[in-house]
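Per full-length UniProt numbering, the first sequence runs over residues 1 to 644. Glycine residues also receive a C-beta, built at the ideal position from the N, C-alpha and C atoms.
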Amino acid sequence: MEWFRLSEKPSISSSTYCAVLQLCGELKSLQDGKEVHSVISCNDVQINGILGTRLVFMYVSCGELSQGRLVFDQVVNEKVFLWNLMINEYAKVEDFAECVYLFQKMLNAGIAADSYTFSCILKCFAASGSVKNGEWLHGYLLKLDLAACSCSVVNSLLSFYAKVGRVESARKLFDELPQRDVVSWNSMISGYVANGGSEEGLEVFKLMVSSGVEIDLASASRVFEKTSERSVVSWTSMIQAYSRSGLLHDAIRLFHEMTMVSGKWEPDGRTISCILPACASLSALNMGRQIHCHVLRNGHHLSDDRHITNALVDMYIKCGALVLARSLFDTMIPSKDLVSWTVMIAGYGMHGFGKEAIRAFEEMRRDGIKPDGVSFISVLYACSHSGLVNEGWRFFNIMQKECKIEPSLEHYACMVDLLSRSGKLQMAYEFIKGMPIKPDATIWGALLCGCRIHHDVKLAERVAEHVFELEPENARYYVLLANIYAEAEKWEEVKELRVKIGRRGLKKHPGCSWIEVKGKVHVFVAKDGSHPEVRKIEALLRKVREGMKKEGFSPKLRYALMNGDDLEKEMALCGHSEKLAMGFGILNLPPGKTVRVMKNLRVCRDCHEMAKFMSKTTGREIILRDSNFFHHFKDGSCSCRGFW
DNA sequence: ATAGGGTTAG
């Protein structure tokens, strides 16, 4: 840039400055950019629209947002582009208040916002949880005619509703979209999955891959041939229609045409990583495998995507296929990132392999990856689920002293869990009392769980007071205390609590288990005799019970939670949904095949004993996944070794 | 020239 300092300056036109500034921006060369800026100022060149834009662009590209803003405020801005650029830069640094301020200022200045503006500002509203603002903008767009808005604006609105938890509103927009693109699909799918609607998410995914099957072939192909704007839906449904009618050649011809003409309509990497958590949360191993196959079929551009492989590893872990998960994880050389390790560590923890989780954590650090708050949660939970108290403390200290990470509520919850499970109830109580931040219901809830495991009714009552004060509407905790009373045979107190729950109109979730056999999911609800094979299952369970008694196992009657005679209690235990599902699996799966059962709540101790026994007598592995933990039963013992 | 959709934790 020395030539700028020549005493005899060549005359430089405004467009030259523009070109140089553009270059400085692209090369992120702040030094040169600043020099050009000062030359412009010295020569009294008027900073008009385009020059101003380039100058702002140069500064923000070099990461000098506030400098860019200074220039932005100096120039007269009539062009929407520069406003969008500026708003977007503030969105990148999550200064949403400034985004909204600029947006309003822009509207007041009479500048018409365009689709870029709307998309960006809706993202801000979603990220800052400004539901009211988003709704206002929705109304504004309706007045402008939403149907005429570009697909991306409607997608942004859809995604806004999904992110603030209003999935039905998102779905309505989705259904009314005249033209969906891959982003619309992905937003809808991730919206469902993030809001606890894994089933719906999977439904939309399936719809995406193959929709509109029920159509008349002849008229469909007429319509199809005439349509100039084809979407993924029209292509896929047409292909599907041909193949259903046995016209395979036509289907294949169309598929070739589709992938040649508009290959972009395939579910892409983001679709895949949206849908895998749904499979994970449902333990839908077969569906997950199919999606893995899709990834492999689509070649390396998907398999090389870390997001996808991480999501796949997580899916296999949550479907109970730990070995598969690990081998996939091992193929990620050398591209394992923090998330990959965190997933694997959490996976070991969930499956009761605390030592392996610790080993993975150390290995990660040796690989030079710095753990963050989430990875510490994973390793702390792994310690607590395996009863590794000292190691847990060690990591809690490392986190604060070495890694300078302030423990959050989740970390404290892990520590309380760790102490409570291992029976150090008093210590856990003191620990909570000494916390520098206000404990929430989950913290006290963890201690309450510990009180149940170690049968401390007195402490449980004191702890429950805190919990009820913090979350008076959460039925889970009343049920937990009722269980503690019942296990101590304090039936009066159980009754009182039942009345309390009833008075508050709280509903407890019924226990429910499910198992996949020959591609069909069979659901069992506690005490529900509606499954056609329930008689056969009960007969099997009775036989198992007899066998257990002969070998000296007595039923864990204290977990039957009702005040009655022993026979009645035993009957109640037999109705537990996880027993029914396991029994069904043993009766219907081929010999030697692993029985995989999922349950929505925690597994009961009696069912746990029975599963151990059955794994020995039937000679098969049983994998039982409850609301937050895996039990691998093999040869009469369980991987959890009693810690859960 | 600028935008909208992704993986981990209770």
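query: Does the segment 416-424 come within contact of the segment 442-449, defined as at least 3 CB pairs closer than 8 Å?; result: yes
query: Could you please give the first and the last residue of the uninterrupted beta strand (DSSP E) stretch that includes Arg166?; result: No beta strand (DSSP E) holds Arg166; DSSP gives it neither H nor E.
query: In its own chain, which residues sit with a C-beta less than 7 Å from the C-beta of Cys451, not counting the 5 before and 5 after it?; result: Leu425, Leu459, Ala460, Val463, Ile484
query: Who does Cys512 pair with in a DSSP beta bridge?; result: Val525
query: Would you list the residues sitting across from Arg306 in a DSSP beta bridge?; result: Paired residues: none, contrary to the question.
query: Is Gln290 buried or exposed, if buried means 16 or more other CB atoms sit within 10 Å of its CB?; result: exposed
query: Where does Cys149 sit, in a helix, a strand or coil, going by DSSP?; result: coil
query: Would you kindly check if the distance between the Cβ of Cys638 and the Cβ of Lys612 is under 8 Å?; result: yes
query: Can you grab the Cα-Cα spacing for the pair Glu168 / Phe174, in whole Å?; result: 10 Å
query: Suppose you measure from the CA of Tyr477 to the CA of Ala162; what does that come to, to the nearest Å?; result: 29 Å
query: Does the separation of the CB atoms of Ala147 and Pro178 fall below 8 Å?; result: yes
query: For Gln74, collect the residues of the same chain with a Cβ closer than 8 Å to its Cβ; drop the 5 residues on either side in sequence, then sort them by chain order.; result: Ile47, Gly52
query: Whose CA, out of Ala311, Gly354, Gly368, Ala357, lies closest to the CA of Ser340?; result: Ala311
query: First and last residue of the alpha helix (DSSP H) that includes Val595?; result: Val595 -> not in any alpha helix (DSSP H); beta strand (DSSP E) instead, spanning 595-599.
query: Cα-Cα, which of Lys520, Ala482, Ala475 is closest to Arg504?; result: Ala475
query: Under DSSP, the beta strand (DSSP E) around Phe353 begins and ends at which residues?; result: Element bounds for Phe353: n/a, residue is neither H nor E.
query: Just to confirm, is the Cβ distance from Leu141 to Val131 under 8 Å?; result: no
query: State yes or no: is the C-beta of Leu338 within less than 8 Å of the C-beta of Ile369?; result: yes
query: Going straight from the alpha carbon of Phe633 to that of Pro532, what length do you get?; result: 27 Å
query: Decide if Ser530 is buried, meaning its Cβ has at least 16 other Cβ atoms within 10 Å, or exposed.; result: exposed
query: DSSP three-state call for Arg535: helix, strand or coil?; result: helix
query: Write down the C-beta distance between Ala382 and Gly354 rounded to the nearest angstrom, noting that I regard them as a contact closer than 8 Å.; result: 5 Å
query: Rounded to the nearest angstrom, what separates His509 and Val164 at their Cα positions?; result: 25 Å
query: At what residues does the alpha helix (DSSP H) containing His411 begin and finish?; result: 409-421
query: Pull the bridge partners of Arg625 from the DSSP assignment, please.; result: Met598, Phe630
query: Hey, quick one: how far does the alpha helix (DSSP H) through Cys120 stretch, first residue to last?; result: 115-127
query: If we count the other Cβ atoms within 10 Å of its Cβ and call it buried at 16 or more, is Val295 buried or exposed?; result: buried
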